[in-house]
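Reminder that position 628 of the sequence shown reads as 628 in full-length UniProt numbering, one-by-one numbering, no gaps. Structure first, then comments.
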Amino acid sequence: MQPLDAGDPTRIGPYAILGVLGSGGMGKVYLGRSTGGRTVAVKAVRPELADDAGFRVRFRNEVEAAKSVSGAFTAAVVDADTEAPVPWFATAFIAGISLGDAVTRHGPLPEPALRTLSAGLTEAIAAIHRTGIIHRDLKPANVLLALDGPYVIDFGITRATEGTALTTAGTVMGSPGFMSPEQASGIRVGPETDMFSLGATLVFAATGRSPFGDGPTPALLYRVVSTDPDITGVPDSLRDMISACLHKEPARRPTTQQISDYLAHNAPAPTTGGWLPPAYTDAIVAASNVMTHMGGATGPAGHLNQTKPEYQGYGPGQNPTTPPHGAYAPQYGPTAQSGAMAMNPMGQGGPGGPGGPGGPGAGRMSRRALVGLIGGGAVVLGGGTAAAIALSGGDKKTPNGQPSNSPLSSGPTTSGDGPTSANSSSGGAPTSGPSTSGNSAPLQDPDNAAQVTLGGSQPATAWTGQTSDQIWGTALAAGTLMLIGTEKTHSMDMQGKSKWQDIACGSGTVGIMTALDGNTVYCSGLDGVGGNPVFAIDMASGKVLWTLPEIDRNWSARGAAGVLGNQVICPVDINVQGDGVMSIDKNTHKLLWKANTNKIGSVTVPAKGNLIFVGHETQGDSNSGTVTALDITQQGKEVWHYDQKYATLGGAGDSYFATTDKYVIVGGEKLRALDMATGQVAWQTKIGDPDGTPSICNGPIVDGQGRVFVTADEYLAAVDAGNGKVLWQGKAPNQFSISNPFATADGNVYAVDYKGTLYAVDAKTGATKWVYSNALLAGQSPITLTAGNGRVFYTAGQAVMTFNANGK
């Protein structure tokens with residue numbers, strides 16, 4: 001820690017500032033202490049970022065998301081002020097040394113400690129990904145080593161700097177030697193980017209160098225994208241795992257679950273002792289001594305006068321004599337400074353314990369099996385005897401078109417609990433209906449609903465297939481299953497054979513939504529040139545009917561949400577400014593209008609009318625979402641909006657509403673139906689335990705029989721779309737997630753829980769017809785679900801699994 005400079009603050013928020021812990025691209029990190037004695041690490045952003053309105057919006061969102069992360073090996077965000085003149089956030093303090101400094105000063109980690117590091121970092125990444133965050137900057141400097149295990153810091157916050165002055169003119173945010181190829185290429189990233197950075201970080205821990213060497217940033221970025229990593233010196237037992245993490249193709253990298261399983265199956269016999277070598281432990285103890293002396297000698301003006309111990313402080317304090325739970329701890333004796341031996345409490349079912357997967361008698365997964373499982377990117381499938389079908393096909397050129405320009409349009413904004421017309425806040429037209437928070441409508445509950453238990457037999461697979469890249473989006477029409485991959489768009493007929501030549505456009509993880517209009521599907525994707533056009537494709541032939549080239553390098557189409565009249569509605573991700581929506585004439589292929597109110601996230605398009613519905617976080621209330629109605633005949637002008645408590649309404653490229661002829665239906669702490677024209681609450685329903693707290697409802701779907709289906713925590717329920725009455729609800733062993741796919745067809749409703757288990761349930765009665773479960777699907781991302789023609793198509797990674805509706 002360094003003493004404060006003349007320009008450093010002596011107080012940030014409620015924290016007295018004691019010293020400087022470090023600095024980085026986003027700002028400066030201080031050691032702070034509250035009046036109650038709580039010690040924290042406070043990061044204050046750079047002043048030039050504080051003046052960037054776009055940065056503040058993203059910083060606020062990222063900090064709120066980071067607060068939701070909870071894991072044994074992550075640093076908890078405990079406080080923040082994103083509206084301060086200089087925004088800041090604070091994490092709980094832990095005395096530790098950064099992996100980068102430790103390896104540089106004390107040499108690479110031995111294999112046992114490296115295994116423990118791998119397990120801890122994998123668990124941390126899994127905790128981060130569970131909340132929907134991508135770290136984006138995992139590197140040795142963002143890993144802290146403590147007596148009780150490794151900690152990951154600064155997760156997700158770096159995204160807030162995108163589009164600011166820090167990212168212009170060729171500047172690269174992050175550490176080039178630890179960035180993924182997709183980051184280096186400027187492609188939108190997914191969770192897989194953190195797996196690549198994990199592999200690079202573990203190479204550094206094992207060898208003391210980056211797998212792509214040193215040098216100027218352009219040279220490093222070139223090597224990351226174009227050359228093989230140098231993993232010389234990595235222990236044999238971890239070589240294949242780390243090599244798989246460093247695969248150039250994101251879809252072929254392992255998931256956190258696969259790495260955890262591999263480490264558990266290959267764990268050595270349990271031992272006792274601290275997890276780090278003595279030199280590391282001594283350095284950590286020296287760092288912890290700073291905590292003892294913080295109230296002691298001070299320099300001028302009361303600043304802490306301390307020499308430079310090796311530590312940074314981020315992370316929850318745990319018992320320093322307890323090694324990382326669930327991780328292998330090698331045996332090291334007392335150190336020169338600690339005088340104590342850290343004991344490993346194995347035998348509690350964790351990896352390495354007698355009862356755990358790494359204990360005596362446990363099976364060991366071979367390195368060859370690991371390569372087959374994760375190195376090649378294929379999911380090992382069970383529950384069927386059909387042959388796997390490999391997809392192939394040459395590239396199909398996409399036709400060129402000319403962009404069309406249209407003035408930016410947005411409607412006025414309002415605030416409040418009830419549905420409000422666009423002009424009411426400025427004293428214009430009155431509200432479109434009485435202001436309400438949603439409590440005026442009668443509340444339905446599941447007291448009298450049929451209660452069922454979800455569970456059943458494993459079905460036979462009709463057939464399985466595999467694409468050449470990861471599947472992000474699907475569509476089904478004209479007897480054709482279309483699969484949007486990372487690099488190309490593929491097709492299958494109903495027997496699983498390739499139907500038409502692959503199209504040389506892929507999602508690049510950006511164009512996930514597809515909209516059907518008869519046999520024409522609208523989508524967006526990367527065209528191989530760097531743009532992100534919108535495509536119209538004939539499903540029967542695979543012919544690209546037309547494309548609209550990228551209208552603006554800062555506006556990235558996120559697929560197509562639907563077709564209303566002659567307008568194809570596309571959500572967009574707008575650099576710096578948030579999310580938006582644009583409309584394309586399906587006949588002339590011209591841009592009609594685009595809107596950015598900074599309030600557009602998920603987009604839902606009904607079958608008729610002139611309104612579309614968008615969702616976004618309620619301004620000033622991270623626990624609520626706002627539904628806004630936009631008039632497509634008025635270039636996206638706002639008609640009304642409604643705030644729904646605990647509604648998860650997503651971002652561009654998602655749809656979390658359902659619509660009927662009369663209502664738009666949204667999840668949250670209750671399932672509510674809003675009148676399409678006015679935004680007034682027509683009915684509201686709670687789902688879950690009849691005698692307990694209502695469960696949080698995810699995005700609903702509807703069928704053609706007047707039923708609404710919704711998942712809520714571990715419940716799946718059917719609700720009457722006309723009055724909100726709960727028809728039936730079933731309880732599953734695991735929870736459902738807002739991000740898991742959902743479909744209804746052929747008299748069934750299909751839902752996937754967070755472990756990847758697929759349920760096929762009778763839409764009328766709630767009786768389970770069959771359940772498909774495969775342990776290797778847990779943690780797979782992305783997964784998609786498409787149903788129709790008596791089949792349901794379930795994709796995970798590159799794999800396609802197809803089942804008959806009856807499971808036979």
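Every residue, glycine too, gets a C-beta built ideally from N, C-alpha and C.
- As a beta-bridge residue in DSSP terms, Ala41 pairs with Leu31, Thr91.
- A contact between stretches requires three or more CB pairs, one per stretch, nearer than 8 Å, and the region 195-205 meets this requirement with the region 237-248.
- Separation of Lys670 and Arg130 (C-alpha to C-alpha, rounded to the nearest whole angstrom) is 23 Å.
- Each of Ser98, Thr227, Asp469 was checked against the Cα of Ala283, and the nearest Cα belongs to Ser98.
- Closest by C-alpha distance to Ala126, out of Gln183, Asp101, Glu192, is Glu192.
- Exclusion of the five residues before and after Gly233 leaves Ala206, Thr207 as the residues of its chain whose Cβ lies within less than 7 Å of its Cβ.
- By the 16-neighbour rule on beta-carbons within 10 angstroms, Gln729 is buried.
- Here DSSP, grouped into helix, strand and coil, assigns Gly465 to strand.
- In terms of Cα proximity to Cys523, the closest of Ile551, Thr461, Gly562 is Gly562.
- In the DSSP annotation of this structure, the continuous segment of the beta strand (DSSP E) that includes Tyr663 starts and ends at 663-666.
- Residue range 681-685 is occupied by the beta strand (DSSP E) that includes Thr685.
- For Tyr15 against Val40, the beta-carbon gap comes to about 6 Å, under 8 Å, which counts as contact.
- DSSP lists Leu144 as the bridge partner or partners of Ser98.
- Taking the CA atoms as reference points, Ala712 sits about 43 Å from Leu276.
- Around the beta carbon of Lys662, fewer than 16 other beta carbons lie within 10 angstroms, which makes this residue exposed.
- In the pairwise beta carbon analysis, the region 750-761 is classified as not touching the region 472-486: fewer than three pairs are separated by under 8 Å.
- One thing to note: Trp463 has its Cβ no nearer than 8 Å to the Cβ of Thr786.
- Going by DSSP, Cys697 is part of no beta strand (DSSP E) at all; its letter is neither H nor E.
- Within the same chain, Cβ atoms closer than 8 Å to the Cβ of Asp493 are found at Gly479, Thr480, Leu481, Lys499, the five residues on either side in sequence being excluded.
- With a threshold of 16 other beta carbon atoms within 10 Å, Asp154 meets it and is buried.
- Apart from the 5 residues on each side of it in sequence, Thr633 sits with its Cβ closer than 7 Å to the Cβ of Asn610 in its chain, given in chain order.
- In this structure, DSSP gives Phe657 an extended state, which the three-state scheme calls strand.
- Here Met513 carries a strand assignment [DSSP, helix/strand/coil].
- According to the DSSP secondary-structure assignment, Asn804 is paired through a beta bridge with Arg791.
- Here Arg136 is near Val189, since their CB atoms are less than 8 Å apart.
- Per DSSP, reduced to three states, the secondary structure at Thr453 is strand.
- Taking a C-beta distance under 8 Å as the contact criterion, Gly177 and Leu220 qualify as a contact pair.
- Between Ser583 and Ile569 the beta-carbon gap is near 6 Å, inside 8 Å, which marks them as a contact.
- In this structure, the alpha-carbon of Trp683 lies about 18 Å from that of Ala629.
- Just so you know, the alpha carbons of Val603 and Gly615 end up roughly 7 Å apart.
- DSSP places Pro218 in the uninterrupted alpha helix (DSSP H) bounded by 217-226.
- Excluding residues up to 5 positions away in sequence, Leu727, Trp728, Gln729, Thr765, Gly766 lie with their Cβ nearer than 8 Å to the Cβ of Ala450 in the same chain.
- Between Pro606 and the set Pro150, Asn61, Tyr656, the nearest pair of CA atoms involves Tyr656.
- In the three-state scheme derived from DSSP, where H, G and I count as helix and E and B as strand, Ala796 is classed as strand.
- The Cβ-Cβ distance between Thr520 and Leu545 falls below 8 Å.
- Of the other Cβ atoms in all chains shown, 16 or more fall within 10 Å of the Cβ of Gln567; this residue is therefore buried.
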